[in-house]
Amino acid sequence: MSSIENLFGQNREWSESVRRRDPAFFETLSKQQTPRYLWIGCSDSRVPANEIVGLLPGELFVHRNVANVVVHTDLNCLSVLQYAVDVLKVEHVIVCGPLRLRRRAGLARAPQGRPRR
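Per the numbering used here, the sequence shown starts with residue 1, numbered consecutively.
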(Lines of atoms letter the chains of each structure in order from A; the text may use other names.)
(Lines give C-alpha, C1' and ligand atoms only; values in the text may rest on other atoms or scores of the structure.)
Protein backbone atom coordinates (compact mmCIF):
# COMPACT_ATOMS: atom_id res chain seq x y z
CA MET A 1 0.00 0.00 0.00
CA SER A 2 1.38 3.44 -0.91
CA SER A 3 1.86 6.08 1.75
CA ILE A 4 -1.02 8.15 0.35
CA GLU A 5 -3.33 5.12 0.38
CA ASN A 6 -2.26 4.52 3.97
CA LEU A 7 -3.11 8.13 4.80
CA PHE A 8 -6.60 7.77 3.29
CA GLY A 9 -7.08 4.54 5.24
CA GLN A 10 -6.11 6.26 8.48
CA ASN A 11 -8.59 9.04 7.70
CA ARG A 12 -11.38 6.49 7.22
CA GLU A 13 -10.48 4.83 10.53
CA TRP A 14 -10.44 8.18 12.31
CA SER A 15 -13.81 9.29 10.91
CA GLU A 16 -15.37 5.93 11.79
CA SER A 17 -14.08 6.13 15.37
CA VAL A 18 -15.39 9.69 15.73
CA ARG A 19 -18.78 8.62 14.36
CA ARG A 20 -18.92 5.69 16.82
CA ARG A 21 -18.27 8.03 19.76
CA ASP A 22 -20.65 10.75 18.51
CA PRO A 23 -22.93 9.75 15.62
CA ALA A 24 -24.03 13.38 15.05
CA PHE A 25 -20.52 14.90 15.18
CA PHE A 26 -19.97 15.53 11.45
CA GLU A 27 -23.55 16.62 10.78
CA THR A 28 -23.45 19.06 13.69
CA LEU A 29 -20.02 20.35 12.68
CA SER A 30 -21.12 20.95 9.08
CA LYS A 31 -24.00 23.16 10.25
CA GLN A 32 -22.08 25.40 12.59
CA GLN A 33 -19.03 27.57 12.53
CA THR A 34 -19.34 30.25 15.17
CA PRO A 35 -15.84 30.84 16.49
CA ARG A 36 -15.17 33.70 18.88
CA TYR A 37 -11.49 33.73 17.96
CA LEU A 38 -9.27 33.99 14.90
CA TRP A 39 -5.95 32.28 15.64
CA ILE A 40 -3.03 33.34 13.44
CA GLY A 41 -0.21 30.96 14.21
CA CYS A 42 2.94 29.46 12.86
CA SER A 43 2.73 26.57 10.41
CA ASP A 44 3.37 23.54 12.58
CA SER A 45 2.62 19.86 12.10
CA ARG A 46 2.86 18.93 15.77
CA VAL A 47 -0.53 19.93 17.17
CA PRO A 48 -3.81 21.48 15.96
CA ALA A 49 -4.32 25.02 17.31
CA ASN A 50 -7.74 24.27 18.79
CA GLU A 51 -6.28 21.45 20.91
CA ILE A 52 -3.68 23.60 22.67
CA VAL A 53 -6.42 25.96 23.87
CA GLY A 54 -8.94 23.23 24.66
CA LEU A 55 -11.51 24.10 21.99
CA LEU A 56 -13.46 21.79 19.70
CA PRO A 57 -13.43 21.95 15.90
CA GLY A 58 -15.56 24.91 14.82
CA GLU A 59 -14.77 26.97 17.92
CA LEU A 60 -11.49 28.47 16.66
CA PHE A 61 -10.94 29.87 13.15
CA VAL A 62 -7.31 29.23 12.22
CA HIS A 63 -4.82 30.71 9.78
CA ARG A 64 -1.24 29.47 9.72
CA ASN A 65 1.86 30.63 7.93
CA VAL A 66 5.61 30.57 8.46
CA ALA A 67 6.50 32.68 11.50
CA ASN A 68 2.85 33.74 12.04
CA VAL A 69 3.48 36.92 10.05
CA VAL A 70 0.69 39.39 9.27
CA VAL A 71 1.61 41.89 6.55
CA HIS A 72 -0.47 44.12 4.29
CA THR A 73 0.79 42.37 1.12
CA ASP A 74 -0.32 38.84 2.10
CA LEU A 75 -3.69 38.54 0.38
CA ASN A 76 -4.28 35.07 1.77
CA CYS A 77 -3.86 36.23 5.36
CA LEU A 78 -5.89 39.38 4.72
CA SER A 79 -8.75 37.39 3.19
CA VAL A 80 -8.82 35.12 6.26
CA LEU A 81 -8.85 38.18 8.53
CA GLN A 82 -11.64 39.86 6.58
CA TYR A 83 -13.76 36.69 6.47
CA ALA A 84 -13.26 36.10 10.19
CA VAL A 85 -14.24 39.65 11.13
CA ASP A 86 -16.93 40.43 8.54
CA VAL A 87 -18.62 37.04 8.08
CA LEU A 88 -17.87 34.96 11.17
CA LYS A 89 -17.95 38.00 13.49
CA VAL A 90 -15.03 36.83 15.63
CA GLU A 91 -14.52 38.83 18.81
CA HIS A 92 -10.77 38.40 19.15
CA VAL A 93 -7.78 38.08 16.80
CA ILE A 94 -4.83 36.23 18.32
CA VAL A 95 -1.39 36.23 16.69
CA CYS A 96 0.52 33.45 18.40
CA GLY A 97 3.85 31.73 17.87
CA PRO A 98 6.75 30.09 19.69
CA LEU A 99 9.10 32.38 21.59
CA ARG A 100 12.28 30.90 20.16
CA LEU A 101 11.29 31.03 16.52
CA ARG A 102 14.24 32.07 14.33
CA ARG A 103 12.14 34.55 12.38
CA ARG A 104 11.04 36.18 15.62
CA ALA A 105 14.65 36.43 16.73
CA GLY A 106 15.43 38.32 13.53
CA LEU A 107 12.51 40.64 14.12
CA ALA A 108 13.67 41.31 17.67
CA ARG A 109 16.95 42.67 16.29
CA ALA A 110 15.15 44.91 13.79
CA PRO A 111 14.39 48.52 14.68
CA GLN A 112 10.94 48.86 16.23
CA GLY A 113 8.51 51.77 15.95
CA ARG A 114 9.24 55.15 14.43
CA PRO A 115 12.79 56.45 14.11
CA ARG A 116 13.73 59.01 16.75
CA ARG A 117 14.36 62.53 15.52
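Backbone N, C-alpha and C fix where the C-beta goes; we use that ideal spot for every residue, glycine too.
- Contact between the stretch 8 to 19 and the stretch 36 to 50 is absent: fewer than 3 CB-CB pairs across the two stretches fall below 8 Å.
- In this structure the stretch 47 to 61 touches the stretch 25 to 37; the number of beta carbon pairs closer than 8 Å is three or more.
- DSSP, read as helix, strand or coil, puts residue 64 in strand.
- The beta carbon of residue 72 sits closer than 8 Å to those of 78, all from its chain and outside the five residues before and after it, given in chain order.
- Along the stretch 15 to 97, the beta strand (DSSP E) occurs as fully enclosed runs of 3 or more residues at 37 to 42, 60 to 65, 92 to 96, listed in sequence order.
- The three-state reading of DSSP puts residue 2 in coil, since its state is none of H, G, I, E or B.
- Judged by beta-carbon spacing, residue 26 lies within the 8 Å limit of residue 19, meaning their Cβ atoms are closer than that value.
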